[in-house]
Amino acid sequence: MDELFFRFVEKGGFRNFMKVVQPHFKIPSRNTVTRDCFKLFNEKKQKLKRSFRDAQQKLKRSFRDTQQRVSLTTDTWTSLQRINYMCTTAHWIDSKWIMHKRIINFCPITSHRGEDMANEISKCLSDWGTDKNFTITVDNASSNDVTVKELAKIFTKRGTNFMNGEHLHVKCMAHIINLIVQDGLKVIGVSIKKVRKAVKYIRQSPARCKRFQECCEDVDLNSKKSLCLDVSTRWNSTYLILNRAVECENGLMSYVYRDIGLSHYLRFVEDEEELLSVHFRVITGPCEENYQFSSIFL
């Protein structure tokens, strides 16, 4: 529990705590706790495996019986342990026009080479027994171009390459917009760093956060939202930090009035925040799980 070691039950602090909470409770040894935890884990594991097996068979029957085509999305990333992973998701509409989405593969891969990824996806589709594939959506990495080309060859050999693969390769819109916006953010990089530094300084201390709230009240700013930090590689989080900074501009000015340059930066960022908000609204809808946006492009 809470990532505590099994030997935690033998620590003096825990034993003293339990004496106060329930003096009659007999604290088990760490070996007993370990054995009980593994027993519970195995019971849950077997139950989950049965549940997954039943769901898998049901989904396989659905793929086999349906006349609808299946579109795929796939993504790869590297963990902190430097292990490469790939996730493949199937999307389709059933006979009742209900949208479905299921993760059909999540596995480690030996490399990000396009040929290896294509073989892994092909193997996954064979395991699931689905050959009615329509599109595959990937980001703009060059290796994905190779992946799709290799998949097209495999589908052609199987006679399942719909419309000769004319619509097979779909590039991820969110990734394209991210590349565009990240390039534009370089223009206001100094301003963003300034705002980020101010926000980080305030958030580092509960006392500073409280003082900031008092500054907001002093300028009649009734916003209950707190300042937030961003992830520099994700432009949408950068938009949120700028949006919040603009909303709380008067409170920030009150707090850091000694910083002569900050007012200039915030006024400059306000225009950029407006521009980012347009991209944010464009991308928010299509990123939702059941958002239908084909009509936008037709």
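Heads up: the sequence shown at position 151 corresponds to 1019 in this note's numbering, and the numbers run straight through without jumps. Quick reminder that beta carbons are idealized off the backbone N, C-alpha and C, glycines included. All values reported here derive from a predicted model rather than from experimental measurement.
Distance between beta carbons of residue j and residue i, contact taken as under 8 Å
| i | j | result |
| --- | --- | --- |
| residue 849 | residue 972 | The requested residue 849 is not part of the displayed model; the chain covers only 869 to 1166. |
| residue 965 | residue 937 | Not really, about 14 Å apart at Cβ, beyond 8 Å. |
| residue 1037 | residue 1014 | Their Cβ separation, rounded to whole angstroms, is 11 Å, which puts residue 1037 and residue 1014 out of contact at 8 Å. |
| residue 1116 | residue 1097 | 14 Å between Cβ atoms; not a contact. |
| residue 1095 | residue 1067 | 5 Å |
| residue 980 | residue 947 | In fact, because the Cβ distance is near 13 Å, the residues do not count as touching under 8 Å. |
| residue 1123 | residue 1079 | 7 Å |
| residue 877 | residue 891 | About 16 Å; that fails the 8 Å criterion. |
| residue 1018 | residue 983 | 6 Å |
| residue 1112 | residue 1093 | 6 Å |
Three-way DSSP call (helix, strand, coil) for residue i in this model
| i | result |
| --- | --- |
| residue 1096 | coil |
| residue 1105 | helix |
| residue 961 | strand |
| residue 892 | coil |
| residue 1122 | helix |
| residue 879 | coil |
| residue 1084 | helix |
| residue 927 | helix |
| residue 919 | helix |
| residue 952 | strand |
| residue 1110 | helix |
| residue 908 | helix |
Residue closest to residue i, alpha-carbon to alpha-carbon, out of the options
| i | options | result |
| --- | --- | --- |
| residue 1031 | 891, 1020, 1081 | 1020 |
| residue 944 | 938, 952, 1014 | 952 |
| residue 942 | 1034, 1105, 1007, 1051 | 1007 |
| residue 1000 | 974, 1027, 917, 984 | 1027 |
| residue 1039 | 1112, 883, 1009, 907 | 1009 |
| residue 879 | 893, 898, 892 | 898 |
| residue 931 | 886, 997, 896 | 997 |
| residue 923 | 970, 895, 912 | 970 |
| residue 928 | 1035, 994, 990, 904 | 994 |
| residue 1005 | 1083, 949, 958 | 958 |
| residue 940 | 1035, 949, 1106 | 1035 |
| residue 1056 | 1110, 887, 1118 | 1110 |
| residue 903 | 1100, 967, 874 | 874 |
| residue 1002 | 914, 1024, 991, 1029 | 1029 |
| residue 975 | 967, 954, 915 | 954 |
| residue 1052 | 1104, 884, 991, 886 | 1104 |
| residue 1100 | 1041, 1073, 1049, 1085 | 1049 |
| residue 1022 | 911, 992, 887, 1043 | 992 |
Residue i, buried or exposed, once every other Cβ within 10 Å from all chains shown has been counted against 16
| i | result |
| --- | --- |
| residue 1062 | buried |
| residue 900 | exposed |
| residue 1120 | buried |
| residue 1069 | exposed |
| residue 881 | exposed |
| residue 1058 | exposed |
| residue 1083 | buried |
| residue 1102 | exposed |
| residue 985 | buried |
| residue 893 | exposed |
| residue 1106 | buried |
| residue 872 | exposed |
| residue 1075 | exposed |
| residue 905 | exposed |
| residue 1114 | buried |
| residue 909 | exposed |
| residue 889 | exposed |
| residue 1060 | buried |
Can you list the alpha helix (DSSP H) stretches of 4 or more residues lying completely in the stretch 969–1026, in chain order? 982–996, 1010–1026
What residue ranges within the stretch 1021–1078 form continuous beta strand (DSSP E) runs of no fewer than 3 residues, ordered along the chain? 1037–1039
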